[in-house]
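Protein chains: 2
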Amino acid sequence: MNHDAASTPPLAADKKMDAVDIQRVLLERICLLRYKPDDQLKEALLAAEFGVSRTPVRDALNRISHLGLIESRNGVGTVVMQLSAEQIQHVYEMRLELASLIGRVSPITPGPAHLTALLSLLEDARVLQQSFDPDGYVLINHRLNALIVTMIGNQSLRAMWQQTYFQAASTWYRVAELLGPAVGDTLINELSELIEAVKMGDAEALGYVERVHINYGYTKVKQLFL
Amino acid sequence: MNHDAASTPPLAADKKMDAVDIQRVLLERICLLRYKPDDQLKEALLAAEFGVSRTPVRDALNRISHLGLIESRNGVGTVVMQLSAEQIQHVYEMRLELASLIGRVSPITPGPAHLTALLSLLEDARVLQQSFDPDGYVLINHRLNALIVTMIGNQSLRAMWQQTYFQAASTWYRVAELLGPAVGDTLINELSELIEAVKMGDAEALGYVERVHINYGYTKVKQLFL
DNA sequence: GACAGAACAGCTGCATACAGCTTAACTCCA
DNA sequence: TGGAGTTAAGCTGTATGCAGCTGTTCTGTC
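Chains as they are written, first to last, in this note's numbering: chain A, 1 to 226; chain B, 1001 to 1226.
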């Protein structure tokens, strides 16, 4: 009764996933680097794993192809793309700008539900620090992103935010692998500052907090990869 | 020999279009309002028209579904969505912001090729004014948009610009129908100002020119529809 | 005549079979 | 043994048939 959504995020053991479910799982796996750049996502294998035919798998791949994270080549396979240094730079540059817009274009005043969710995330982030692992970290980041999305009033901006999040997520996973618990501390700081902003119902502050932390992340990415 | 691309933009008479071609044609038809909101895009009919099976048509529809311009409902059909007043507002708000970013994030210095293309567009726009029709107007706008895209250095911003263009295009077509040659005059002004910016190699000016004219368009849309 | 119910037509979602392309391995010859 | 040509395996792209869902229409009853 209480497992209507997101209760089986990575697993597919249950019964008959449709194209939409597969789309979600594939994106999550790319963000969690379970599929690494140059990996081949063979439609037949995925179909077998999910217990469906190639058709819904193809539909899912087609629907996420616009993100540039995968590319299908006839006769070869569907490969996971490694975003070039330039592309990563562009995505982070845009996320910096988009963050500033959260509080400026059709802003939403965050409410108590948002606060509750943030407090829950903060709790989980603290638990995570007791035995840090990148997967758990990125999953919390996932939930945080999903929450921030609900605080973006402009639907167009919301879509762009999601898009760039997916594009940057796997890069950020690699940072978490390399830096370890340090990024967890930063996440706790980010959550604390977000909580303050939400307590005041200040969407603009929220955007600036995000901007600051994206800038921090961008700095780390530049140091480590670019 | 000289008909390698865009020579048959709307037509499908030739031979064997693949999913990518179909995707382009469908988007164009939506932008030109050949498909109006609540219209049903039946896969079987489109397949017959393009001389292929339903499969590549489905692939094309899936690949553009993220724009929110169409929505497939099981048992019903794939319907063209009417963007709500709020959605239109959001898209225009974002285009205003994105325009300002053209000259700020990874800008490109426009060169002589851009200038040549703009002059050609200006010429065509002037010809159009001798007997204005919305279709011709939107097609020139299409070419202008394609050109501006090549002046956007940040790939992520480029994708967002394209996305919002497709989402706003059909709305703009309706404005052209209602206002007639007046929008053509505005287009000529826009092109003239863009030419000045490009002559100076000033990407920032280019972005501001776009911002101003998007704002003009937004004003008209608000007056007429919102 | 009006309304409830059932049968029907039509569409998308999915499954399966086939064709075309690409890569890699394998063979044959020098 | 090295290399060019050929063959074979495997993947995506496409075609086609079937199942499930939805809106409509037709029928039977009150």
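All C-beta atoms in this analysis are idealised placements derived from N, C-alpha and C, irrespective of residue type, glycine included.
Entirely within the stretch 1151-1216 of chain B and at least 4 residues each: give me those alpha helix (DSSP H) ranges in chain order. Here the runs fully enclosed are 1155-1179, 1181-1199.
Would you please verify whether the beta carbon of VAL1057/B is less than 8 Å from any beta carbon of chain A? Position 57 of the second sequence, counting from 1, holds the residue named residue 1057/B. Look at VAL1057/B: its C-beta is not under 8 Å from any C-beta on chain A.
Determine the DSSP secondary structure at ILE1148/B, reduced to helix, strand or coil. As a position in the second sequence, residue 1148/B is number 148, starting the count at 1. The three-state secondary structure of ILE1148/B, taken from DSSP, is helix.
Does LEU194/A pass the burial test, meaning 16 or more other C-beta atoms within 10 Å, or should it be called exposed? By one-based count along the first sequence, residue 194/A stands at place 194. Buried, since its Cβ has 16 or more Cβ neighbours within 10 Å.
Name the chain B residues that come within less than 7 Å of ASN62/A, Cβ to Cβ? As a position in the first sequence, residue 62/A is number 62, starting the count at 1. Those within 7 Å of ASN62/A in chain B are ASP1059, ASN1062, ARG1063.
Simplified DSSP assignment, three categories, for GLN1040/B: Here residue 1040/B refers to the residue found at position 40 when the second sequence is read from its first residue. Note: GLN1040/B maps to strand in three-state DSSP.
Could one say the Cβ of GLU190/A lies closer than 8 Å to chain B's Cβ atoms, at least one of them? Translated into positions along the first sequence, residue 190/A becomes position 190. Using a CB distance cut-off of 8 Å, GLU190/A does not count as an interface residue toward chain B.
8 Å Cβ shell around ASP1038/B - same chain, five flanking residues per side excluded: Residue mapping note: residue 1038/B aligns to position 38 of the second sequence, counting from 1. Sequence-distant Cβ neighbours of ASP1038/B in its own chain, meaning closer than 8 Å and more than five residues away, are VAL1079, VAL1080, GLN1082.
Determine the burial state of ASP18/A: buried for a count of at least 16 other Cβ atoms within 10 Å of its Cβ, exposed for fewer. Here residue 18/A refers to the residue found at position 18 of the first sequence. With fewer than 16 other beta carbons inside 10 angstroms of its own, ASP18/A counts as exposed.
Could you compute how far the alpha carbon of ILE1030/B sits from the alpha carbon of TYR216/A? If you number the second sequence from 1, residue 1030/B lands on position 30. If you number the first sequence from 1, residue 216/A lands on position 216. In a straight line, the C-alpha of ILE1030/B is about 41 Å away from that of TYR216/A.
At a Cβ threshold of 8 Å, is GLN1155/B touching chain A? On the second sequence, position 155 is the one that residue 1155/B refers to. Under the Cβ distance rule, GLN1155/B counts among the residues neighbouring chain A, one pair being separated by less than 8 Å.
Along the chain, where does the beta strand (DSSP E) that runs through ILE1070/B open and close? Taking the second sequence and counting its residues from 1, one reaches residue 1070/B at position 70. Unbroken beta strand (DSSP E) run through ILE1070/B: 1070-1073.
Is GLN87/A near the ligand NAD - that is, is its Cβ less than 7 Å away from at least one heavy atom of it? The ligand NAD is absent from the structure shown, which contains no ligands of any kind.
8 Å Cβ cutoff, VAL20/A in contact with chain B: On the first sequence, residue 20/A is found 20 positions in, with the first residue counted as 1. Closer than 8 Å: no.
Would you say GLU193/A lies against chain B (beta-carbon separation less than 8 Å)? Reading the first sequence from its first residue, position 193 is the one you call residue 193/A. Judged by the 8 Å Cβ criterion, GLU193/A is not in contact with chain B.
Cβ of VAL1105/B within 8 Å of any chain A Cβ: For the purposes of this step, residue 1105/B is identified with residue 105 of the second sequence, where counting begins at 1. Taking 8 Å as the CB threshold, VAL1105/B lines the interface with chain A.
Would a C-beta distance cut-off of 8 Å place ILE1088/B and THR1171/B closer than the cut-off? Here residue 1088/B refers to the residue found at position 88 when the second sequence is read from its first residue. Here residue 1171/B refers to the residue found at position 171 when the second sequence is read from its first residue. Yes.
Quick one: which chain B residues come within Cβ less than 7 Å of VAL91/A? Numbered from 1 along the first sequence, position 91 holds the residue referred to as residue 91/A. Contact annotation for VAL91/A against chain B: SER1156 [CB-CB distance below 7 Å, chain order].
Does GLU1097/B get closer than 8 Å to chain A when you measure Cβ to Cβ? The residue labelled residue 1097/B in the question sits at position 97 within the second sequence. Yes, GLU1097/B lies at the interface with chain A (some Cβ there is under 8 Å from its Cβ).
Report yes or no: is there a C-beta of chain B within less than 8 Å of the C-beta of GLN87/A? What you label residue 87/A is simply residue 87 of the first sequence in a count that begins at 1. For GLN87/A, the nearest beta carbon of chain B is closer than 8 Å to its own beta carbon.
For THR1078/B, the residue or residues it bridges with in DSSP: If you number the second sequence from 1, residue 1078/B lands on position 78. Bridge partners of THR1078/B: SER1072/B.
Test item: CB-CB of ARG1058/B and ALA1044/B under 8 Å: Your numbering for residue 1058/B matches position 58 in the second sequence. Your numbering for residue 1044/B matches position 44 in the second sequence. No, the Cβ-Cβ distance between ARG1058/B and ALA1044/B is not below 8 Å.
Can you check which of these residues, LEU128/A, GLU97/A, ILE152/A, LEU96/A, is closest to PRO107/A by C-alpha distance? Counting from 1 along the first sequence, the entry for residue 107/A is found at position 107. The shortest Cα separation from PRO107/A among LEU128/A, GLU97/A, ILE152/A, LEU96/A belongs to ILE152/A.
Contacts of THR1164/B in chain A (Cβ-Cβ under 8 Å): As a first step, residue 1164/B is located in the second sequence; it is residue number 164 there, counting from the start. Correct list: SER156.
Residues of chain A with CB closer than 7 Å to the CB of MET1094/B, please, in chain order. Translated into the one-based positions of the second sequence, residue 1094/B becomes position 94. Within chain A, the C-beta atoms nearer than 7 Å to that of MET1094/B come from VAL105, ASN154, SER156, LEU157, in chain order.
Could you tell me whether the Cβ atoms of GLU1210/B and ILE1140/B are closer together than 8 Å? Along the second sequence, one-based indexing puts residue 1210/B at 210. Along the second sequence, one-based indexing puts residue 1140/B at 140. Taking 8 Å as the Cβ cut-off, GLU1210/B and ILE1140/B do not qualify as a contacting pair.
Report the three-state DSSP secondary structure of MET94/A (helix, strand or coil). Position 94 of the first sequence holds residue 94/A. Three-state DSSP puts MET94/A in a helix.
To the nearest angstrom, how far is the alpha carbon of GLY184/A from that of TYR1208/B? For the purposes of this step, residue 184/A is taken as the residue at position 184 of the first sequence. For the purposes of this step, residue 1208/B is taken as the residue at position 208 of the second sequence. About 41 Å.
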